[in-house]
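*Asks:* One structure, pasted below without further comment.
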């Protein structure tokens, strides 16, 4: 589908919302992918408040893929670092197509607590995948206009941020780990418009096998800063999107090969390498696998990792001296060739959380001074890092550089 066809599809969607100007204001394009077209709009609520939403509509013959995303997202959407679905009362799109087909099915999928609709081989999902209607035996082509409503995420995809960030790309690994925790130990969200919670491992439960299947810098979006939360006061919240099926996880028999935590960890390891290398296109690891050692208790053992791009070369030259060696080691573990060499998720969560809470400006200043004798303390303070990240996201910057008179780079 070309840009003109995308535009026509969006105009068709817009028509239904423009009929109610006191309730909705059209914003425009919010991107597109392999199976969905996204448009943004503003809804004016009865209590005088307003909110922004994204309508994702299936394109071409890809309703099945969007339907699978709706079903899978329903399983994990209680996590704060997972994109949240929303509902619209008296939705204009439900008047665009027969209620017993697209609209009613979409609302039921997003809101119903009926577990039978999610069991393998039964319910509307299996009907779509088998090419028949759940109720009448008619073709699955009747669902071509399936849609999903999601929260609006303010600051674009991660790849765009990396492109802006230059060398200021020290994003918080903790946020990616939290997203993995949210997929491994999903939080139930009984109210579709309820407030998600920070993801935490549940120590008395084994992690589930939920696999994103397409987790990359193109499927992570940046939200806003949240002043009341330590992790999001300096860096914007990150949210994982696009949970449609990816064919690379189908076995020869056609069954889904889902191995959960190890695959998700490898994906966030690759995202971190993209950030460090300033690569704005999701890539496979550069170079061959390399042996790397890890200390575990009193023992040291070697494992193969695909994170060779961030490791010192054969002569010991470190390509990224500013990269914290502890963070580098954890990325290498996430990118281990063998799944059994990748870290335990609950242990990784505890480790990273401890580092985030215990390391302040003093630690980072001392580290930077080891390879940069011109390092200055104020560059590592929370207020300067917050200003730096906000300057990359917003124009104009919400508040002035607190160290502008000392910042030679900005003066230059």
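Residue numbers (my numbering): 3 to 414. Just so you know, even glycine gets a beta-carbon here, dropped at the ideal spot from N, CA and C.
I want to know whether the stretch 268-277 touches the stretch 235-246 - three or more CB-CB distances under 8 Å.
*Replies:* The stretch 268-277, when compared against the stretch 235-246, does not touch it at the 8 Å Cβ threshold.
*Asks:* By the three-class DSSP mapping on this structure, what secondary structure does residue 85 have?
*Replies:* Taking the first residue of the chain shown as position 1, residue 85 is located at position 83. The answer is coil: DSSP assigns residue 85 none of H, G, I, E or B.
*Asks:* Sort 278, 343, 182 by Cα distance to residue 293 and report the nearest one.
*Replies:* In the chain shown, residue 293 corresponds to position 291, counting from 1. It is 343 whose Cα lies nearest to the Cα of residue 293.
*Asks:* Closest to residue 263 by CA distance: which of 221, 318, 181 is it?
*Replies:* Counted from its first residue, the chain shown places residue 263 at position 261. Ranking 221, 318, 181 by Cα distance to residue 263 puts 181 first.
*Asks:* Determine the burial state of residue 76: buried for a count of at least 16 other Cβ atoms within 10 Å of its Cβ, exposed for fewer.
*Replies:* Locating residue 76 in the chain shown gives position 74, where the first residue counts as 1. Answer is buried; the Cβ neighbour count reaches 16.
*Asks:* For my contact list, residue 80 and residue 198 are in at a C-beta cut-off of 8 Å; report their separation, rounded to the angstrom.
*Replies:* Numbered from 1 along the chain shown, position 78 holds the residue referred to as residue 80. Numbered from 1 along the chain shown, position 196 holds the residue referred to as residue 198. Confirmed, about 5 Å.
*Asks:* From the DSSP secondary-structure annotation, give me the bridge partner or partners of residue 294.
*Replies:* In the chain shown, the residue the question calls residue 294 occupies position 292. In DSSP, residue 294 forms a bridge with 305.
*Asks:* Mind checking which residues open and close the beta strand (DSSP E) that includes residue 422?
*Replies:* The displayed coordinates of the chain run from 3 to 414. Any statement about residue 422 would go beyond what the structure contains.
*Asks:* Which same chain residues, not among the five before or five after residue 210, have their C-beta less than 8 Å away from its C-beta?
*Replies:* Indexing the chain shown from 1 puts residue 210 at position 208. Same-chain partners within the cutoff: 185, 186, 187, 188, 262.
*Asks:* Which stretch, first to last residue, makes up the alpha helix (DSSP H) that contains residue 181?
*Replies:* Counted from its first residue, the chain shown places residue 181 at position 179. From DSSP, the alpha helix (DSSP H) with residue 181 extends over 175-186.
*Asks:* Indicate the three-state DSSP secondary structure (helix, strand or coil) for residue 51 in the structure shown.
*Replies:* Mapped onto the chain shown, residue 51 falls at position 49. If DSSP states are grouped into helix, strand and coil, residue 51 belongs with coil.
*Asks:* With distances taken from CA atoms, which of 291, 219, 302, 183 is nearest residue 281?
*Replies:* As a position in the chain shown, residue 281 is number 279, starting the count at 1. Closest option to residue 281, Cα to Cα, is 219.
*Asks:* Please classify residue 51 as buried or exposed, where buried requires at least 16 other C-beta atoms within 10 Å of its C-beta.
*Replies:* For the purposes of this step, residue 51 is taken as residue 49 along the chain shown, with counting starting at 1. Exposed: under 16 other Cβ atoms inside 10 Å.
*Asks:* Could you check what DSSP says for residue 349 in three-state terms: helix, strand or coil?
*Replies:* Translated into the one-based positions of the chain shown, residue 349 becomes position 347. Residue 349: helix per DSSP, three-state reduction.
*Asks:* Should residue 311 and residue 333 be called a contact, given that it needs their Cβ atoms to be closer than 8 Å?
*Replies:* Here residue 311 corresponds to residue number 309 of the chain shown, with the count starting at 1. Here residue 333 corresponds to residue number 331 of the chain shown, with the count starting at 1. The answer is no: Cβ separation not under 8 Å.
*Asks:* Relative to the alpha-carbon of residue 39, which residue among 229, 304, 9 has its alpha-carbon at the smallest distance?
*Replies:* For the purposes of this step, residue 39 is identified with residue 37 of the chain shown, where counting begins at 1. Nearest of 229, 304, 9 to residue 39, Cα basis: 9.
*Asks:* DSSP three-state call for residue 317: helix, strand or coil?
*Replies:* The residue given as residue 317 occupies position 315 in the chain shown. In the structure shown, residue 317 sits in coil (DSSP, three-state: anything other than H, G, I, E or B).
*Asks:* Within a Cβ cutoff of 7 Å, which residues of the same chain sit near residue 74, ignoring the five residues on either side of it in sequence?
*Replies:* Reading the chain shown from its first residue, position 72 is the one you call residue 74. Counting only Cβ-Cβ distances below 7 Å, and skipping sequence neighbours, we find 245.
*Asks:* Tell me whether residue 79, by its Cβ, gets closer than 7 Å to a heavy atom of the ligand PLP.
*Replies:* For the structure depicted, the ligand PLP is absent and the ligand set is empty, with no information on it obtainable.
*Asks:* Would you give the residue range spanned by the alpha helix (DSSP H) that residue 329 belongs to?
*Replies:* Position 327 of the chain shown, counted from the first residue, corresponds to residue 329. Unbroken alpha helix (DSSP H) run through residue 329: 327-336.
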